[in-house]
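A.B. asks: I am attaching a structure below and will ask some questions about it afterwards.
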Amino acid sequence: MLFHTMVGSNDIERSKRFYDTVLGTLGAGEGTRNIADSGHIRLIYNNGNGTNFIVSQPINDEPASVANGSTVAFSCDSPEQVKQLHDTAVAAGGTSIEAPPGPRETASMGTIELAYFRDPDGNKLCGIHFPA
1 MLFHTMVGSN DIERSKRFYD TVLGTLGAGE GTRNIADSGH IRLIYNNGNG TNFIVSQPIN
61 DEPASVANGS TVAFSCDSPE QVKQLHDTAV AAGGTSIEAP PGPRETASMG TIELAYFRDP
121 DGNKLCGIHF PA
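Throughout the sequence shown, residue numbering follows the UniProt record's numbering, covering 1 to 132 in sequence.
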């Protein structure tokens, strides 16, 4: 259904260092630098299945801000990878938020592994794993 998810950044070089490191734990390569027709820089991360995660300087030249109520969730292969994603993000300049990484009981999905954190611009992210 989704082609891409995009978040804004006020410091694209800081974001490149952060996301290259963090998404590397999921097997993603370095972000591809793309220059929009407007001259703004975007970083494109592709996981090989056609879905893209993009970090962009705001095209309207206003400061990037976080969306209230939004979360970008990255699918992880194991509970250990959820924790690794979280710990790598925090070590790379992100901030741990909510409960520590670990299992969460849900009524509709059973037990899932979650870890929430924010990138240096404040975008809310998480690692998630659904056991088989």
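C-beta atoms are modelled at their ideal positions from N, C-alpha and C, and glycine is treated no differently.
These figures come from a predicted structure and were not determined experimentally.
Work out the CA separation of A132 and D61 for me, nearest whole Å.
C.D. replies: D61 and A132: Cα-Cα distance of roughly 44 Å.
A.B. asks: Which runs of the alpha helix (DSSP H) fall wholly inside the UniProt domain "VOC" (1-130) and span at least 4 residues, in chain order?
C.D. replies: You should have 12-24 and 79-91.
A.B. asks: Could you tell me the distance, in whole angstroms, from the CA atom of F117 to the CA atom of R104?
C.D. replies: Rounded to the nearest angstrom, the two C-alpha atoms are 16 Å apart.
A.B. asks: Taking the alpha carbon of G50 as the point to measure from, which residue in H4, K83, L26 and A28 has its own alpha carbon closest?
C.D. replies: The residue with the shortest Cα to Cα distance from G50 is H4.
A.B. asks: Under 8 Å, Cβ to Cβ, is there at least one residue of chain C near S15?
C.D. replies: The chain inventory of the structure shown lacks chain C, comprising one protein chain alone.
A.B. asks: Leaving out the 5 sequence neighbours to the left and right, which residues in its chain are closer than 6 Å to N123 when beta-carbon positions are compared?
C.D. replies: Excluding sequence neighbours, N123 sits near V7 and V66.
A.B. asks: Since P120 and G94 should fall inside the 8 Å C-beta cutoff, what is the C-beta to C-beta distance between them, to a whole number of angstroms?
C.D. replies: Contact holds; Cβ gap of about 7 Å.
A.B. asks: Using only CA atoms, which one of I97, A115, G39 and R14 lies nearest to S75?
C.D. replies: That would be A115, whose Cα lies nearest to the Cα of S75.
A.B. asks: Measure how close the beta-carbons of R42 and S56 come, nearest whole angstrom, since I'm counting them as under 8 Å.
C.D. replies: About 4 Å; that satisfies the 8 Å criterion.
A.B. asks: Rounded C-beta distance between I128 and A92? I'm assuming under 8 Å.
C.D. replies: The Cβ separation is near 19 Å, so there is no contact.
A.B. asks: S38 to A107, Cα distance in whole Å?
C.D. replies: So the alpha carbons of these two residues sit roughly 46 Å apart.
A.B. asks: Could you check the C-alpha separation between E113 and E98 for me, to the nearest Å?
C.D. replies: If I take the Cα positions, the gap works out to 13 Å.
A.B. asks: N10 to T111, Cα distance in whole Å?
C.D. replies: Straight-line Cα distance between these residues: approximately 36 Å.
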